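Right, one structure below, let's go through it.
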Amino acid sequence: MTYDLIVEGKIVDPIDGVEETRVGIIGDRIAKIGASLSGRNVLAVPDSYVFPGFIDPHVHYREPGAEHKEDFYTGTRASCHGGCTTALDMPNNNPPAVTRNAMQKKIEAAKAKGIIDVKFYAGVHPKHLNELKPMERLPEVIGYKVFLSDTFGIEDAGIGYLEEAMKAITGTGKTGTGKRGTEKPVSFHCETPRINEMASSKYDPADKLYHCYARPQLSEILAIPYVLLLSSRIPVHIAHLSTADGLEFITQYKNSGADVSCEVTSHHLLYNMNEMLRLGSYAKMNPPLRPESDRRAVWSGLKDKVDMLATDHAPHTKEEKDSPNPPSGVPGADNYSNIASMLIEAFGPARTAQLTSYNAARRFGMHDRGRMQEGMLADIVVMEMKECWPNRLYTKCGWSPYEGMRFPGRATHTIYRGKIIMEDGELR
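First residue of the sequence shown? That's 17 in our numbering, and the numbers climb one at a time after it.
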């Protein structure tokens, strides 16, 4: 058999573990795995780990409406640089992706400009619940997004509205059926607006830690059980989990049989709230950075409680971040592989593959990726475990909160659908 490309290295499967062998690729699929495979085009990386392509379950590529910050071309290049071959884009754009027409335009733009696979969350808007079923029929839509606090273009889901929204989602026929593994999950931004309002009035806006105080831990901690109670019939995904108590609630519900998953972001894993004293608005995001005890808890949760690693890539320009009223959000797509290298060190390659690809693929119904098996898409990332200080960025905003940090490794090669699109850390 003739292979278009052979990759030789420490092949990592999230279930079967690590094996020093070869992967034979034909077209866009993994055709064969075996030590004796031969071919003309061989990528030999015997000292590196070869993972399923990473899947980032939470990005904001900013298109449409804010292309001066990022667009599908620059955003997917940043993700590819971070070793990702699939990314899941959020709906809070201008206009927001809360109708089939708006969603279709996003899909077409991503296909025209993106260099990796982009899937989408359908925004759940109180005035457009009738659009959920038409959006759900689009194959690129992998789930829904509900915001429990206001975001650009999408109103928050108040207590009365959330129940109505859940009825609309179950009415699509793809969620609330009880058939696990076939339903489209609902991702929740869990904050409690009333708590934020009360907290923000208590503190001095001039305090460098004001943003952390104004959106306190309690805001997330109260929202999570509320969501889990009202959404008991649907698969729930908790976005950007940031608190120890929130993780404990999720774990309890999982243990009781509830269909719930969660993600943790790079910034909540690496930084605590004191980082705002150093970075200021460049460390401002929602939910905000938390005390060190929370950071330690979500990091420890990666061992067996947290389901996936996300970036919540939300770029803004330096001019916007330096303004008197800087927006929330930080970029992170370029550094996904650097965070993954920390996970490899701490939890091992197989667990890292679960957190960076397999769990997201399984959760969001992408059963053609996330494992190193014959017949799977040839979406692959090569991880070099060698100390590095990354400073190369492809994001349009031109900065990263992780610049200058030491990491134990990085992605050197990204293979998308059988083609090498990043080599030695540089995009082709």
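For every residue, glycine included, the Cβ atom is placed at its ideal position computed from N, Cα and C. Note that this is a predicted model, so its numbers are computed, not measured.
Inter-residue spacing [alpha-carbon to alpha-carbon] between residue i and residue j
i: residue 463; j: residue 242; result: The structure shown has nothing for residue 463, since the chain only spans 17 to 444.
i: residue 416; j: residue 244; result: 34 angstroms
i: residue 134; j: residue 307; result: 33 angstroms
i: residue 168; j: residue 427; result: At residue 168, the pLDDT of 47 sits below 50, so the modelled position is not reliable and the matter cannot be decided from this model.
i: residue 339; j: residue 352; result: 27 angstroms
i: residue 156; j: residue 224; result: 41 angstroms
i: residue 90; j: residue 328; result: 16 angstroms
i: residue 263; j: residue 278; result: 8 angstroms
i: residue 144; j: residue 265; result: 31 angstroms
i: residue 274; j: residue 209; result: 25 angstroms
i: residue 60; j: residue 110; result: 45 angstroms
i: residue 105; j: residue 77; result: 7 angstroms
i: residue 310; j: residue 255; result: 16 angstroms
i: residue 127; j: residue 222; result: 44 angstroms
i: residue 435; j: residue 369; result: 21 angstroms
i: residue 52; j: residue 21; result: 14 angstroms
i: residue 261; j: residue 237; result: 6 angstroms
i: residue 406; j: residue 423; result: 8 angstroms
i: residue 139; j: residue 270; result: 25 angstroms
i: residue 170; j: residue 442; result: Reliability fails at residue 170, whose pLDDT of 48 lies under 50, so the model's placement of it is uncertain and no value is given.
i: residue 186; j: residue 267; result: 24 angstroms
i: residue 330; j: residue 18; result: 43 angstroms
i: residue 35; j: residue 75; result: 32 angstroms
i: residue 404; j: residue 358; result: 12 angstroms
Beta-bridge pairing of residue i - partner residues as DSSP gives them
i: residue 329; result: 75
i: residue 29; result: 33
i: residue 24; result: 38 and 60
i: residue 360; result: For residue 360, which the question treats as bridged, DSSP gives no partner whatsoever.
i: residue 204; result: 162 and 254
i: residue 443; result: 438
i: residue 393; result: 45
Residue span of the alpha helix (DSSP H) that contains residue i, given as start and end
i: residue 282; result: 282 to 286
i: residue 414; result: Neither: residue 414 is in no alpha helix (DSSP H) and is coded neither H nor E.
i: residue 265; result: 260 to 271
i: residue 97; result: 88 to 97
i: residue 115; result: Premise fails: residue 115 is in no alpha helix (DSSP H) and is neither H nor E.
i: residue 188; result: Taken as a continuous stretch (DSSP letters only), residue 188 belongs to no alpha helix (DSSP H), as it is neither H nor E.
i: residue 215; result: 209 to 216
i: residue 227; result: 226 to 230
i: residue 241; result: 233 to 246
i: residue 315; result: 308 to 317
i: residue 295; result: 291 to 295
i: residue 152; result: 148 to 152
Span of the beta strand (DSSP E), counted from its first residue to its last, around residue i
i: residue 397; result: 396 to 400
i: residue 64; result: 58 to 68
i: residue 136; result: 133 to 139
i: residue 445; result: Here the chain covers residues 17 to 444 and nothing more, so residue 445 does not appear.
i: residue 160; result: 157 to 163
i: residue 438; result: 435 to 439
i: residue 101; result: 100 to 105
i: residue 47; result: 45 to 49
i: residue 429; result: 426 to 432
C-beta contact flag for residue i and residue j at 8 angstroms
i: residue 85; j: residue 333; result: yes
i: residue 132; j: residue 374; result: no
i: residue 129; j: residue 88; result: yes
i: residue 276; j: residue 322; result: no
i: residue 201; j: residue 253; result: yes
i: residue 73; j: residue 324; result: yes
i: residue 207; j: residue 164; result: yes
i: residue 391; j: residue 45; result: yes
i: residue 37; j: residue 50; result: yes
i: residue 336; j: residue 347; result: no
i: residue 396; j: residue 114; result: no
i: residue 102; j: residue 69; result: yes
i: residue 211; j: residue 235; result: yes
Residue-level contact to chain D via CB, residue i, 8 angstroms cutoff
i: residue 97; result: This model lacks chain D altogether, as it is built from one protein chain only.
Okay, do the segment 395 to 410 and the segment 89 to 105 touch, 3+ Cβ pairs below 8 angstroms being the bar?
Short answer: they touch.
Could you check whether the segment 311 to 319 touches the segment 275 to 285, counting it as contact only if at least three pairs of C-beta atoms, one from each stretch, sit closer than 8 angstroms?
With a cut-off of 8 angstroms on Cβ pairs, the segment 311 to 319 is in contact with the segment 275 to 285, counting three or more such pairs.
Pair every Cβ in the segment 418 to 427 with every Cβ in the segment 343 to 363, then say whether three or more of these pairs are closer than 8 angstroms.
Yes, the segment 418 to 427 is in contact with the segment 343 to 363.
Check whether the segment 216 to 223 and the segment 286 to 303 touch, using three or more Cβ-Cβ pairs below 8 angstroms as the test.
Under the 8 angstroms Cβ criterion, the segment 216 to 223 does not count as touching the segment 286 to 303, having fewer than three qualifying pairs.
The segment 383 to 399 / the segment 29 to 36 touching (three or more Cβ pairs under 8 angstroms):
Judged by Cβ distances under 8 angstroms, the segment 383 to 399 makes contact with the segment 29 to 36, as three or more pairs qualify.
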